[in-house]
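Letter by letter, the sequence shown follows residues 506 to 715 in this note's numbering.
For each residue, glycine too, the CB sits at the ideal point set by N, CA and C.
The block underneath contains the structure these notes are about, expressed in structure tokens.
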Amino acid sequence: MKIKIDIDKWKRKKQYAFFSNFTNPYASVTSILNVDKIVKISKKYKISFYGIMSYVVLKTLNEIDEFKYVLEDNHIYKYDQINVSFSVLDDSNSINFSRTVEYTDFNKFIELFNYAKKEAENNIQIQYKRDFNKCYFTCLPWVRFTSVDNPMNYEVIDSVPRVCWGKYFIESGNYMIDLSIQINHAFQDGYHLGLFFNKLQENINLFNYE
Numbered sequence: 506m507k508i509k510i511d512i513d514k515w516k517r518k519k520q521y522a523f524f525s526n527f528t529n530p531y532a533s534v535t536s537i538l539n540v541d542k543i544v545k546i547s548k549k550y551k552i553s554f555y556g557i558m559s560y561v562v563l564k565t566l567n568e569i570d571e572f573k574y575v576l577e578d579n580h581i582y583k584y585d586q587i588n589v590s591f592s593v594l595d596d597s598n599s600i601n602f603s604r605t606v607e608y609t610d611f612n613k614f615i616e617l618f619n620y621a622k623k624e625a626e627n628n629i630q631i632q633y634k635r636d637f638n639k640c641y642f643t644c645l646p647w648v649r650f651t652s653v654d655n656p657m658n659y660e661v662i663d664s665v666p667r668v669c670w671g672k673y674f675i676e677s678g679n680y681m682i683d684l685s686i687q688i689n690h691a692f693q694d695g696y697h698l699g700l701f702f703n704k705l706q707e708n709i710n711l712f713n714y715e
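Right, here's the structure in full:
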């Protein structure tokens, strides 16, 4: 479900008008997160860490209203939820992208995630779906990083959040991870990025699987 936004009445009218004139309106932040709890759950229950991490990040985005505003065919809509498409490698270590996976409860999400992951790994062609209320996830499980620069087509501006995390590592006895998020500054500000990281850490800490 979506609602069309009257830009003249939108609280971000001024910020949208300013940043939407930029050839590069995107901004990104990288920070470190404590993922000790979900790494241990992943190992204990043999659940994909990529899947758990994707769920808690997607849950966090859906808990912040500003991430539900979407640029679609030169109009702005507010959706009731944001979904995700993610990258995987096939047998030749070439990158593929998954079908869009809907945000739902964890058990259903991880089922859909694993199915979409297997499809992409096996180069199974899926029917194209033109959807706008989504984010893109990827990971670099081989390295740590201090920033990420996403490939972009600046002739086609979008509002899609792009999230990437790296190799988890141990610091002070806890598993930690570097995570980068890129947003369109016309839709979110630094305040919302701070809110995202704080809520994400809280969701990681509260995640349970029994």
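Could you tell me if residue i is buried or exposed, where buried requires 16 or more neighbouring beta carbons within 10 angstroms of its beta carbon?
i    : result
M558 : buried
V589 : buried
V606 : buried
P530 : buried
N566 : The identity of residue 566 in the sequence shown is Leu, whereas the question assumes Asn. Its Cβ being crowded by 16 or more others within 10 Å, L566 is buried.
H580 : exposed
Suppose you measure from the CA of residue i to the CA of residue j; what does that come to, to the nearest Å?
i    : j    : result
W647 : Y680 : 15 Å
N526 : Y582 : 19 Å
V534 : K509 : 29 Å
Y574 : N628 : 32 Å
S677 : D541 : 11 Å
I587 : Y633 : 18 Å
Y696 : W515 : 18 Å
Where does the unbroken alpha helix (DSSP H) through residue i begin, and where does it stop?
i    : result
K583 : From DSSP, K583 is part of no alpha helix (DSSP H) but of the beta strand (DSSP E) over 580 to 584.
S615 : Note that residue 615 is Ile in the sequence shown here, rather than Ser. Looking at the DSSP string, the run of the alpha helix (DSSP H) that includes I615 is 611 to 626.
Can you tell me whether residue i is helix, strand or coil according to DSSP?
i    : result
I552 : coil
V561 : helix
E676 : strand
E577 : strand
Between which two residues does the beta strand (DSSP E) containing residue i stretch?
i    : result
N539 : 531 to 539
Y641 : 639 to 645
Are there three or more Cβ pairs, one per stretch, closer than 8 Å when the stretch 670 to 687 is compared with the stretch 536 to 543? Cβ pair count under 8 Å is three or more, so yes.
If we count Cβ pairs, one from each stretch, closer than 8 Å, do we get three or more for the stretch 542 to 562 versus the stretch 695 to 710? yes
State whether the stretch 649 to 667 contacts the stretch 617 to 624, with contact taken as three or more CB pairs (one from each stretch) at a distance under 8 Å. no
The stretch 636 to 643 in contact with the stretch 657 to 672 per 3-pair CB rule at 8 Å: yes
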